[in-house]
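Protein sequence lines correspond, in order, to chains H, S, V and L. Its first residue numbered 1032, the first sequence is counted upward by one per residue in the numbering used here. Its first residue numbered 1032, the second sequence is counted upward by one per residue in the numbering used here. Its first residue numbered 5, the third sequence is counted upward by one per residue in the numbering used here. Its first residue numbered 5, the fourth sequence is counted upward by one per residue in the numbering used here. From the three backbone atoms N, C-alpha and C, an ideal C-beta is built for every residue, glycine too.
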Amino acid sequence: MSDPRFRVTSDPLDVTAVSATVSSADCGAVTTFVGLVRNENGGRRVLWLEYEAYEPLAVKSFIRIDEEAGERWPSVGLAIHHRIGRLEIGEASVVIAATSPHRAEAFAACRYAIERIKQIAPIWKHEHFEGGEIWIEGATADPMDEDARRMAFAQCT
Amino acid sequence: MSDPRFRVTSDPLDVTAVSATVSSADCGAVTTFVGLVRNENGGRRVLWLEYEAYEPLAVKSFIRIDEEAGERWPSVGLAIHHRIGRLEIGEASVVIAATSPHRAEAFAACRYAIERIKQIAPIWKHEHFEGGEIWIEGATADPMDEDARRMAFAQCT
Amino acid sequence: MHVTIRLFARLREMAGASEVQRTLADGSSVRTAWESLVGEFPGFDDYSRAVSCAVNEEYARMTTPLSDGDEVAFLPPVSGGSLEREKGKGKR
Amino acid sequence: MHVTIRLFARLREMAGASEVQRTLADGSSVRTAWESLVGEFPGFDDYSRAVSCAVNEEYARMTTPLSDGDEVAFLPPVSGGSLEREKGKGKR
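Written as C-alpha cells, this is what we have:
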C-alpha cells in the first residue's frame, strides 16, 4: 500500500527524491513541478501557510490521478508528494515528477497532475496573512466530474 | 559575464541548484526539465554519450533563449545548465528551471527553452553504442530562423 | 446505527472538533448525516451545495447509503497544490 | 589577413583538428573560409548546405565579411538537449 511515488508528509519535500521514484534507464525526460509558498496572495501579505489533508484519501486521489494520466500517456511514470502542516514562505507545498522516454508526454502529464490535484485532492490551505487568516477554498472535490477532467486535459495539449 | 543561470559544465548537474538561481519569495511555481541519457536510441543499445559544445556561444545561446522567453512571458525566471564530456546512462545532460508567480507561464517557458536549445545551441552529442559510434545531427543552428522559433512557441501553448 | 464523522478545514473549525459520533436511523444516507450537522452547527448550511464526501476513505455521493460503523468524511472545497494563480476565493 | 577557424563534432574529426589557421585575401567572407576547407577535407562539402557559422563567438552568416584576427567557427547541425525523441538522424 505504501507506494513511495505517492506521499502526504509533514517533512520537507525533496525534488530529487521524488524524481528518483520514477526514473529508469529508458527514460529520457523528467519534468517536475514544484509549488512554493508565496509571500503575497490576492493583495494580502502572506506570513505562513498551514496545509491540512484527509491523508488516506489524498494518497488515493494521487493514485487515481496517476491512473487517469496513464490512460492518456501510457509511457509516463508519475510521482506526487504533498506536504502538510506549517509551511514558511519559499517552502515547497507540492512536488510532481513525470518521467517518459519523450518530453512531450512528461510535460503534459506533469501539468495534468497539478490541475487534477487542485480539483480533487482532499487538501486545504489555511493562509495566515498580515491582519488575519483565511481558509482558501477552491473546487468542490468530485473525481467523477467529467467536465473538470476535460478542463484539466485541455491545459496539457 | 558569468551569470549562474546559464552554464556549460563538465560537472554533474544539480536540479535543486539550478532552480535556486531563479527562485524568489514571489514565485509560486517552479517547473523543471531534465534530459537524461537513455540506454536506447533508434534501436541502438547506447553505452554512453559524449557531449561537445562551443562553450562561449552555447552560453550566449542560453541568454538569447531567456530573452526570447522574457518577451513572451515577462514574469518568468529561466535557468539553463548543459553538461559536456562523457555521460553515462541515467545521467542528466541538460537541466532547465523556470519560475513564475503562475504555473502556466513556468510550464510554457520551460518547454520553449528545451525546444530552442535543440534548435540553436552549439552543442553536439556523440553516441557510443554497441557496435559503433555516431554523431547525432539535428537542426541547422540558425537563431534568426523565424519559422523554427514559431514551431518552438507552438509546443508551449 | 452508529457512524463516525470526520470534519476538515473550516468545517472542523466551525464544529470545534475533527471527529464527531452520530447515531442515525437504519437506511440513512450520507445526506442524513450531513443534515444532522446542519441542524446543529450554524454556518454548515453555507456548504450544503459545495461540500463533497467520502465513506470509509473512498469518494462517495450524498446519496450513498451508510452502514453501522462507517466513517463518513465531509470535504469543504479543496485547495491543495500551491497558491499560484489563486484569486482569493476563500471565506473568512 | 589571418583567421583562426574552430571546428566541432564531425567536422573536427574529419579535419583531424579542432582549430586551423588560414591566410585569406582581403575582402574574404565566412564563405571564403569554408570553401578553403571544402577544397582540403573530403566530406566537408556534404555539410555545405547544413553548416552554420559564428564569428568572434557570435552567430554569423556565410556572407559575413572577415577581418584580420577573426575567429570563425563552423557548426554542424546541433543536437544538444537530450536524446529523447531523437529519431537517429545522425551520420556515421
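Rounded to the nearest whole angstrom, the C-alpha separation of residue 1107(S) and residue 1036(H) is 29 Å. Bounds of any alpha helix (DSSP H) do not take in residue 28(L), whose DSSP letter is neither H nor E. Identification of chain H residues near residue 69(V) by a Cβ-Cβ cut-off of 7 Å yields none; the smallest Cβ-Cβ distance measures about 18 Å. Distance from the CA of residue 1143(S) to the CA of residue 1183(S), rounded to the nearest whole angstrom, comes to 6 Å. Only 54, 56, 58, 61 and 63 from the segment 40-68 of chain V bring a Cβ to less than 7 Å from some Cβ of chain H. For residue 1098(S), the enclosing alpha helix (DSSP H) has its first and last residue at 1086-1103.
Per DSSP, the beta-bridge partners of residue 6(V) are 27(V).
The beta carbon of residue 1083(S) sits closer than 6 Å to those of 1155, all from its chain and outside the five residues before and after it, given in chain order. The C-beta of residue 84(V) comes closer than 8 Å to at least one C-beta of chain H. The three-state secondary structure of residue 1138(H), taken from DSSP, is helix. The beta carbon of residue 1061(H) does not come within 8 Å of any beta carbon belonging to chain V, so the residue lies off that interface. Think of a sphere of 9 Å around the beta carbon of residue 1088(S): the chain L residues whose beta carbon falls inside it are 58, 61, 62, 63, 77 and 79, in chain order. Within the segment 9-36 of chain L, 10, 12, 13, 14, 16 and 17 place their CB atoms closer than 9 Å to a CB of chain S, listed in sequence order.
Contact annotation: residue 70(L) and residue 5(L) have beta-carbon atoms nearer than 8 Å. Excluding sequence positions up to five before and after residue 1165(S), its CB lies within less than 6 Å of the CB of 1158, all in the same chain and listed in chain order. In this structure, DSSP gives residue 43(V) a helical state, which the three-state scheme calls helix. About 4 Å separates the Cβ atoms of residue 1066(H) and residue 1125(H), confirming a contact at the 8 Å cut-off. Under DSSP, the beta-bridge partners assigned to residue 1082(H) are 1116(H) and 1156(H). Judged by DSSP secondary structure, residue 1062(S) falls within the beta strand (DSSP E) whose first and last residues are 1060-1067.
Proximity of chain L to residue 1174(S) at the Cβ level (cut-off 8 Å) is accounted for by 63, in chain order. At least one C-beta of chain S is nearer than 8 Å to the C-beta of residue 1066(H).
Below the 8 Å Cβ cutoff, chain L contributes no neighbours of residue 1053(S), its closest Cβ being approximately 19 Å away.
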